[in-house]
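The block underneath contains the structure these notes are about, expressed in structure tokens.
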Amino acid sequence: MAGVCDAAAPGEGGGGGGADGSERTGRGEAEQPGGGGLGPAPQHTETLGFYESDRRREKRRGRAELSLLRFLTAELTRGYFLEHNEAKYTERRERVYTCMRIPRELEKLMFFGIFLCLDAFLYVFTLLPLRVFLALFRLFTLPCYGLRDRRLLQPAQVCDILKGVILIICYFMMHYVDYSMMYHLIRGQSVIKLYIIYNMLEVADRLFSSFGQDILDALYWTATEPKERKRAHIGVIPHFFMAVLYVFLHAILIMVQATTLNVAFNSHNKSLLTIMMSNNFVEIKGSVFKKFEKNNLFQMSNSDIKERFTNYVLLLIVCLRNMEQFSWNPDHLWVLFPDVCMVIASEIAVDIVKHAFITKFNDITADVYSEYRASLAFDLVSSRQKNAYTDYSDSVARRMGFIPLPLAVLLIRVVTSSIKVQGILSYACVILFYFGLISLKILNSIVLLGKSCQYVKEAKMEEKLFNPPPASTPGKPSSKSQSKCKSSQGLSTEENLSASVTSQPVHQKENVIPLLVTSNSDQFLTTPDGDEKDITQENSELKHRSSKKDLLEIDRFTICGNRID
29 MAGVCDAAAP
39 GEGGGGGGAD
49 GSERTGRGEA
59 EQPGGGGLGP
69 APQHTETLGF
79 YESDRRREKR
89 RGRAELSLLR
99 FLTAELTRGY
109 FLEHNEAKYT
119 ERRERVYTCM
129 RIPRELEKLM
139 FFGIFLCLDA
149 FLYVFTLLPL
159 RVFLALFRLF
169 TLPCYGLRDR
179 RLLQPAQVCD
189 ILKGVILIIC
199 YFMMHYVDYS
209 MMYHLIRGQS
219 VIKLYIIYNM
229 LEVADRLFSS
239 FGQDILDALY
249 WTATEPKERK
259 RAHIGVIPHF
269 FMAVLYVFLH
279 AILIMVQATT
289 LNVAFNSHNK
299 SLLTIMMSNN
309 FVEIKGSVFK
319 KFEKNNLFQM
329 SNSDIKERFT
339 NYVLLLIVCL
349 RNMEQFSWNP
359 DHLWVLFPDV
369 CMVIASEIAV
379 DIVKHAFITK
389 FNDITADVYS
399 EYRASLAFDL
409 VSSRQKNAYT
419 DYSDSVARRM
429 GFIPLPLAVL
439 LIRVVTSSIK
449 VQGILSYACV
459 ILFYFGLISL
469 KILNSIVLLG
479 KSCQYVKEAK
489 MEEKLFNPPP
499 ASTPGKPSSK
509 SQSKCKSSQG
519 LSTEENLSAS
529 VTSQPVHQKE
539 NVIPLLVTSN
549 SDQFLTTPDG
559 DEKDITQENS
569 ELKHRSSKKD
579 LLEIDRFTIC
589 GNRID
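Spelled out as structure tokens, the structure:
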């Protein structure tokens, strides 16, 4: 402040003081860049020189300190903090835990699915002959009781008779195929050629399975379609011959697969068996590095279930043929046992590795397999309803691609050619074995039905279980029609669903809206429940009570419900 006052004092006397000060300031500014002002320039130069010399000294000191020992010390004592990226490492840990859970969850799904296939397979040998007998008995005794209905037989009985006739015709046609000649023909081929043939047979089996169920469904619908509708098909007889041809060709295809596997088992150096098992690991390369969604993984899981069950039946056929050649010597069974275990173990290992890496690369949790299991259980429980639109074995065939008729034809052909039944005691053993199969089928069905009800309850799919399938029209129906349908369903739910699930389904009238034959389990896996938001609270509570009531009605036939009466 004193400096400021001193500088302002000369200007107070007159205007010339201010002008002189400004002129001095201008001369000072003009003289400073020119070189006349020698005051501050040398001091600035000395400061820059001091900084440069200090920088040079630091560089020299740093170079002198650089050494191999110092580098090793820094590498050994260098630290970092993982918590700075906590989310990343937590995600990696969860992936490891998911891979560790995959074998357990996958095998639970496989175990449940294999018993589903076993139930559908045993149905062909046990309950289907009895159902065919009852249908024929009704057909022959119908004139005695009078024609009460326009239908001679129920649609399910017509389908049972068609299945039985196809099974018998294909069984007699298989007698013209020589298994021994096929075995020696395949055994004379080279190892590489047999490897190529086996791969081609696997591809052909999948193609046959995908198209075969469509052929059988077309036959069943053509034979049971109401007569009032306009004819839009080629006739029942052409469809029947197509179905017989398909089952026969598919049975021959599976026979060639079993024969190739039998040749691999009986080869001396086991090289063919090793190559065939290594073929399973090719699946890892073909599927792991692809993008998979939940639905795609579900299809792959169903295909793996079907493939594993088919391999078990093929191994059974191979053991039967080998035991026949060695006069049913029990010692030879222990010779085949290591190879059988090796094939099964390789199949399980490949499935575990494949599913573990697919879930890892596509960020899918292990809980998805419980959803898949609940979807399969949904199909089983749906087939037990009074208004079911398909048989359980057909729903398994559509879901997994497992068609039991060709495999059953081949197994009957192999068993009848390998085991000779002579004498009354042998026939008595056959009858006892048949009753044992029926008991196994009933027990398996009861346990599966109980587990299925449990899985449906855990997945909270009870409301979807008894909702009717969506309409077949591509456009969305109006809200008025939907409300009318929902109100009528709400009124008639107590009356229609209170009966037992074992009774015959009631034939619907022609004026009812045609329904698309789809499973609600697909909607459970793919689409959210957006349409259910429009339902009022009163109707939803009514449906919830009725669905729980009818699910308990189904559950009373099971062990898990403890309500068998």
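In the working numbering, the protein residues as written are 29 to 593. No residue lacks a Cβ here, since even glycine has one placed at the ideal position from N, Cα and C.
- Query: Within the present structure, is the beta-carbon of R123 separated from the nearest heavy atom of the ligand GTP by less than 7 Å?
  - Reply: This structure lacks the ligand GTP, and indeed carries no ligand of any kind.
- Query: If you compare alpha carbons, which of M351, R121 and R166 is closest to N294?
  - Reply: As a working note, residue 294 is residue 266 in the sequence shown. Taking each of M351, R121 and R166 in turn and checking the Cα distance to N294, the smallest one comes out for M351.
- Message: Which runs of the alpha helix (DSSP H) at least 4 residues long sit entirely within the stretch 151-201? Give them in chain order.
- Response: Here the runs fully enclosed are 155-173.
- Message: Here's a check: name, in chain order, each residue in its chain whose Cβ is nearer than 6 Å to the Cβ of M201, leaving out the five neighbours to either side.
- Response: By one-based count along the sequence shown, residue 201 stands at place 173. The residues are F276.
- By how many angstroms is the C-alpha of E111 removed from the C-alpha of S423? Position 395 of the sequence shown holds residue 423. Position 83 of the sequence shown holds residue 111. Answer to the nearest angstrom: the Cα atoms are 51 Å apart.
- Euclidean distance between Cα positions of K255 and W249: Along the sequence shown, read from residue 1 onward, the residue named residue 255 stands at position 227. Along the sequence shown, read from residue 1 onward, the residue named residue 249 stands at position 221. Distance between the alpha carbons of K255 and W249 is about 12 Å.
- Under the three-state reduction of DSSP, which class applies to A148: helix, strand or coil? Here residue 148 corresponds to residue number 120 of the sequence shown, with the count starting at 1. If DSSP states are grouped into helix, strand and coil, A148 belongs with the helices.
- Query: Who are the Cβ neighbours of V437 in its own chain at under 7 Å, not counting the five residues just before and after it?
  - Reply: Indexing the sequence shown from 1 puts residue 437 at position 409. The residues are L195, C198, Y199, M202, V275 and A279.
- Query: Beta-carbon separation of L476 and F236 under 8 Å?
  - Reply: Residue numbering aside, residue 476 sits at position 448 when the sequence shown is read from its first letter. Residue numbering aside, residue 236 sits at position 208 when the sequence shown is read from its first letter. Contact flag unset, no.
- Buried versus exposed, by CB contacts within 10 Å (16 or more), P556: The residue labelled residue 556 in the question sits at position 528 within the sequence shown. Per-residue confidence for P556 stands at a pLDDT of 39, beneath the threshold of 50, marking its modelled position as unreliable; no derived number is given.
- Task: Measure from the alpha carbon of L465 to the alpha carbon of each residue in I447, E253, L146 and S329, then state which is nearest.
- Result: The residue labelled residue 465 in the question sits at position 437 within the sequence shown. Residue L146 is the option with its Cα nearest to L465.
- Query: Among the residues of its own chain, which have a CB less than 6 Å from the CB of L301, if the five just before and after it don't count?
  - Reply: Here residue 301 refers to the residue found at position 273 when the sequence shown is read from its first residue. Here the set comprises A292.
- In three-state terms, what does DSSP make of K313? Position 285 of the sequence shown, counted from the start, is the residue given in the question as residue 313. It is helical.
- Query: Using DSSP with H/G/I as helix, E/B as strand and the rest coil, what is F293?
  - Reply: Position 265 of the sequence shown, counted from the start, is the residue given in the question as residue 293. Note: F293 maps to helix in three-state DSSP.
- Could you spell out the range, first to last residue, of the alpha helix (DSSP H) harbouring T444? Indexing the sequence shown from 1 puts residue 444 at position 416. According to the DSSP assignment, T444 belongs to the alpha helix (DSSP H) that extends over P432 to S446.
- Query: What residue from V160, I440 and L471 has the CA that sits closest to V341's CA?
  - Reply: The residue given as residue 341 occupies position 313 in the sequence shown. By alpha-carbon distance to V341, the top candidate from V160, I440 and L471 is I440.
- Message: Quick check: the stretch 402-412 against the stretch 209-221, are at least 3 beta-carbon pairs closer than 8 Å?
- Response: No: fewer than three Cβ pairs fall under 8 Å.
- Message: Please report the straight-line C-alpha distance between H383 and M305, rounded to a whole angstrom.
- Response: Here residue 383 corresponds to residue number 355 of the sequence shown, with the count starting at 1. Here residue 305 corresponds to residue number 277 of the sequence shown, with the count starting at 1. Answer to the nearest angstrom: the Cα atoms are 18 Å apart.
- Task: Kindly list the residues whose CB is nearer than 8 Å to the CB of L247, restricted to its own chain and excluding five residues on each side of it in sequence; keep chain order.
- Result: Position 219 of the sequence shown, counted from the start, is the residue given in the question as residue 247. Setting aside the 5 residues that flank it on each side, L247 is surrounded in the same chain by L190, V264, H267, F268, M270 and A271, each with a C-beta closer than 8 Å to its C-beta; the list follows chain order.
- Item | Beta-carbon proximity check, Y223 vs I282, cutoff 8 Å | Mapped onto the sequence shown, residue 223 falls at position 195. Mapped onto the sequence shown, residue 282 falls at position 254. Not a contact, by the Cβ cut-off of 8 Å.
- Task: Check whether the Cβ atoms of L180 and L164 lie closer than 8 Å to each other.
- Result: Indexing the sequence shown from 1 puts residue 180 at position 152. Indexing the sequence shown from 1 puts residue 164 at position 136. Against a cut-off of 8 Å, the Cβ pair of L164 and L180 comes out as no contact.
- Message: Does the structure place the stretch 468-488 close enough to the stretch 313-328 that three or more beta carbon pairs sit under 8 Å?
- Response: Between the stretch 313-328 and the stretch 468-488 there are fewer than three inter-stretch CB-CB distances shorter than 8 Å, so the stretches are not counted as touching.
- Message: So that I know if they touch, is there some Cβ in chain C lying closer than 8 Å to that of S467?
- Response: The chain inventory of the structure shown lacks chain C, comprising one protein chain alone.
- What separation, rounded to the nearest whole angstrom, lies between the Cα atoms of L453 and I459? Translated into the one-based positions of the sequence shown, residue 453 becomes position 425. Translated into the one-based positions of the sequence shown, residue 459 becomes position 431. One C-alpha to the other measures close to 10 Å.
- Close-in-space but distant-in-sequence residues of the same chain around Q532 (CB under 7 Å, 5 per side omitted): By 1-based counting over the sequence shown, the position of residue 532 is 504. Residue confidence is low: Q532 scores 47 on pLDDT, short of 50, so the model does not pin down where it sits. Its coordinate-derived value is still stated next. Excluding positions up to five away in sequence, the list reads Q182.
- Message: Taking only three categories from DSSP, how would you classify Q450?
- Response: Against the sequence shown, residue 450 aligns to sequence position 422. Here Q450 sits in coil by DSSP.
- Task: Report yes if the C-beta distance between N290 and R349 is below 8 Å; otherwise report no.
- Result: Walking along the sequence shown from the start, residue 290 turns up at place 262. Walking along the sequence shown from the start, residue 349 turns up at place 321. Yes; because the gap between Cβ atoms is below 8 Å, this pair is in contact.
- Short Cβ contact (8 Å threshold) for T126 with K388: Here the question's residue 126 lines up with position 98 in the sequence shown. Here the question's residue 388 lines up with position 360 in the sequence shown. Against a cut-off of 8 Å, the Cβ pair of K388 and T126 comes out as a contact.
- Between the Cα of S398 and those of L137, N324, G429 and D233, spot the shortest distance and give me the residue it belongs to. Within the sequence shown, the letter at position 370 stands for residue 398. Per the Cα distances, L137.
- Item | Residue from C347, D367, I386 and W362 whose Cα sits closest to the Cα of S299 | As a first step, residue 299 is located in the sequence shown; it is residue number 271 there, counting from the start. Closest option to S299, Cα to Cα, is D367.
- Task: Return the first residue and the last residue of the alpha helix (DSSP H) that G263 is part of.
- Result: Taking the first residue of the sequence shown as position 1, residue 263 is located at position 235. Here G263 belongs to no alpha helix (DSSP H), and DSSP marks it neither H nor E.
- Query: Where do the N-terminal and C-terminal ends of the alpha helix (DSSP H) with F109 fall, by residue?
  - Reply: By 1-based counting over the sequence shown, the position of residue 109 is 81. Segment: none, F109 is in no alpha helix (DSSP H) and carries neither H nor E.
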